[in-house]
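In full-length UniProt numbering, the protein residues as written are 1 to 787.
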């Protein structure tokens, strides 16, 4: 098609493409973008499928996609399938409703519009590069056209499965893999990810989907005791309900549904796995480069953005916390909602995002994972990270040139201030000490950049994922950890080794196997193809059986041309004791205790430092000594001058409203009512779950303020008690040492006295009289031997 040729030529002629710092992240999206152009904006796939699928809401006819790689089987795709009613009019800021019935056959050959989103400003290149890397800028520019077709009518999903699915034996349906897209809480789309190669090579059924974003998806609209919101998360649950009801019609197995995601999508996977309302909707999950424990995942104070939106739209001026602003917001034009100028959002945090609502997100995240919590307890879990997860935190100059220790300190000081509440000076000094190479007194700017990138990578992503892995490993189900350590030779970056955030996506979705000239002009090597085939095989095995090693062996990848690399290499379970993981590199191997020393810092030492202390300790004690603006890099939240009040979210009360799944879909009422009910999927909670702070709050890596107040003192001693114990133990040891010293000294004097007495005795015995007596005695004895 013409669009594919145009896409290929556009990318080839772009002079910025070879100059990427972490180009693989752009590769996958550019390739998927070209695939998107060939099937959207009015140009459908040309060959319609011969079969018609009868769902509970109407009939669907898909398209047959023939891949450029002749070794891959054709795929049947159903694009733009509605899984809920359009959230427009009276359904705006409401939980999703079941889709309306349709009578005629719906030809599903085009992607749907994407949900309204707040896209980063890339109009001015020089300005944009002050806030992002060049590869990030190129990536966003490529996406701009692709995400340009927006509509509130956006709740659609896409289905990909092997084309022989119609003849697949009914007793062997395809395992289902549902991808939750990431990128941001404010922009992105499932349309970006083409599931054809993954479905064909892995022989699974792949689903991608759209969900509401930003103000439409994650604004808290209800009153104080009505936690109405999290609509984007509810959309994902509605899609999973639709899949459970209908996927068997396509040849999928509703009893083998695996959800997987990347970045913020992985955080959603984590939240869905621990939610009390999703127990029957999936059996396992896979999370790449993200989790619900990441510092920026949960919005701790959603009322902050609610107050801002209410005032900006004149929906409420006073006592916003006790007003339901959704009826008013339904009358506000979409253009006005999407053009609101946000208040400054602290760096490393988010304005819109999921929040604890008492139902879908029933309470404190870590607490939920430690207790009985949905699929997380019984289902298998696979987690993955790359070597550096934080490259997107730097701008173009910082990435290419590096920086000195002053810039490093500013960035890290900002991260510590916006992420933690207590003992900021001690935490900052601890991180600096850990990530400084003390054997090299002269530090190169690029080395400083890399050490800070590693620190932020560990703190923001790797340590939280490791924490999730450890929590899940204590369950009765299986846990698997992947470190994607492979760097494609076609996109080497001389100033780093290993992979960066997003490079694994291309291999998960099979870009090296695509064989499609319309994609990004990357000459993939045989090793690239082998790595992609192996990763797809492991992941689809996991979706089929819960074990990445079964049922498909990895003895002959790359169509038999690479037989030794993965031969007889099993991926072991991750356990709390062994902590074994799979390193996906050019030479794959099984290792243990990934970044153990650094993980001990983030999961043990820093949480031990991060607590409030005695009640008489002022919050000023916990803040940085100097809070001048020139010491920070980016936007910082105001200093916390009063001790945060305890919350009840960490130990939620188990009620029927919290544990019973909501009725998203009523089989007897498939056409949504003209007036939606006032009470939606989120029940009213009698106990507050929000922080009383007036600023956007944070998520602490291990302990947040609610846990500090709710945990028994036996688990969390304050500094005064600890200091008293240390002094007591020290004094005891000192007394013990003095006693030992006195004993040794006494023993030495005693020994000397005995030696002196012995010498006197010996001299007396050797006197003449004594000697003669002894001689006579010996002679007498010798002359009278015993017989």
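Here a beta-carbon is modelled for each residue, glycine too, at the ideal position from N, C-alpha and C.
Counting C-beta neighbours from all protein chains within 10 Å, is the total for residue i 16 or more, i.e. buried, or is it exposed?
| i | result |
| --- | --- |
| residue 277 | buried |
| residue 620 | exposed |
| residue 715 | The predicted model places residue 715 with a pLDDT of 36, which falls under 50 and marks its position as unreliable; any figure quoted below should be read in that light. Exposed, because fewer than 16 other Cβ atoms sit within 10 Å of the Cβ of residue 715. |
| residue 727 | exposed |
| residue 130 | exposed |
| residue 216 | buried |
| residue 628 | exposed |
| residue 81 | buried |
| residue 550 | exposed |
| residue 840 | The chain is shown from 1 up to 787; residue 840 falls before or after that span and cannot be answered. |
| residue 754 | exposed |
| residue 745 | exposed |
| residue 633 | buried |
| residue 682 | Low confidence applies here, because residue 682 scores a pLDDT of 30, under 50, leaving its location unreliable; read the following figure in that light. Buried is the call here. |
| residue 731 | exposed |
What are the start and end residues of the alpha helix (DSSP H) that includes residue i?
| i | result |
| --- | --- |
| residue 132 | Note, residue 132: premise wrong, no alpha helix (DSSP H); not H, not E. |
| residue 367 | 365–370 |
| residue 449 | 445–457 |
| residue 396 | 396–401 |
| residue 630 | It is not in any alpha helix (DSSP H) - residue 630 carries neither H nor E in the DSSP assignment. |
| residue 241 | 231–246 |
| residue 328 | 326–329 |
| residue 409 | 405–419 |
| residue 472 | 463–473 |
| residue 538 | 526–545 |
| residue 224 | Careful: residue 224 lies outside any alpha helix (DSSP H) and carries neither H nor E. |
| residue 214 | 214–218 |
| residue 609 | 606–609 |
| residue 512 | 511–514 |
State the beta-bridge partners of residue i as determined by DSSP.
| i | result |
| --- | --- |
| residue 178 | 207, 259 |
| residue 77 | 63, 160 |
| residue 584 | 484 |
| residue 51 | According to DSSP, residue 51 bridges with nothing at all. |
| residue 589 | 583 |
| residue 106 | 60 |
| residue 150 | 114 |
| residue 500 | 388 |
| residue 479 | 381 |
| residue 202 | Beta-bridge pairing links residue 202 to no other residue. |
| residue 252 | 174 |
| residue 82 | 156 |
In chain order, what residues of the same chain have a beta carbon less than 7 Å from the beta carbon of residue i, not counting five sequence neighbours either side?
| i | result |
| --- | --- |
| residue 233 | 268, 271, 354, 360 |
| residue 376 | 273, 274, 369, 472 |
| residue 423 | 609, 610, 622 |
| residue 445 | 401, 402, 403, 404 |
| residue 259 | 178, 180, 269, 272, 282, 285 |
| residue 635 | 344, 345, 346, 347 |
| residue 199 | 75, 160, 161, 162, 205, 206 |
| residue 507 | 531, 532, 535 |
| residue 460 | 294, 295, 389, 390 |
| residue 305 | 219, 351, 352 |
| residue 238 | 83, 84, 96, 664 |
Can you give me the Cβ contacts of residue i inside the same chain, cut-off strictly under 6 Å, excluding the 5 residues immediately before and after it?
| i | result |
| --- | --- |
| residue 299 | 353, 355 |
| residue 670 | With a pLDDT of only 35 at residue 670, under 50, the local geometry of the prediction cannot be trusted, and no value is derived from it. |
| residue 203 | 162 |
| residue 77 | 62, 63, 65, 160 |
| residue 575 | 473 |
Need the endpoints of the beta strand (DSSP E) that residue i sits in, please.
| i | result |
| --- | --- |
| residue 380 | 380–386 |
| residue 791 | Beyond the ends of the chain as shown, which are 1 and 787, falls residue 791; an answer cannot be given. |
Would you call the region 406–420 in contact with the region 316–324, where contact means no fewer than 3 C-beta pairs closer than 8 Å? no
Contact the region 332–345 vs the region 244–263: 3+ CB pairs below 8 Å: no
Taking three-plus beta-carbon pairs below 8 Å as touching, is the region 49–63 in contact with the region 205–216? no
Three or more C-beta pairs below 8 Å linking the region 448–455 and the region 390–398: The answer is yes - the region 390–398 touches the region 448–455, with three or more Cβ pairs under 8 Å.
Three-pair Cβ contact test at 8 Å for the region 579–586 versus the region 481–489: yes
Pairing CB atoms from the region 523–538 with CB atoms from the region 459–468, are three or more of them under 8 Å? no
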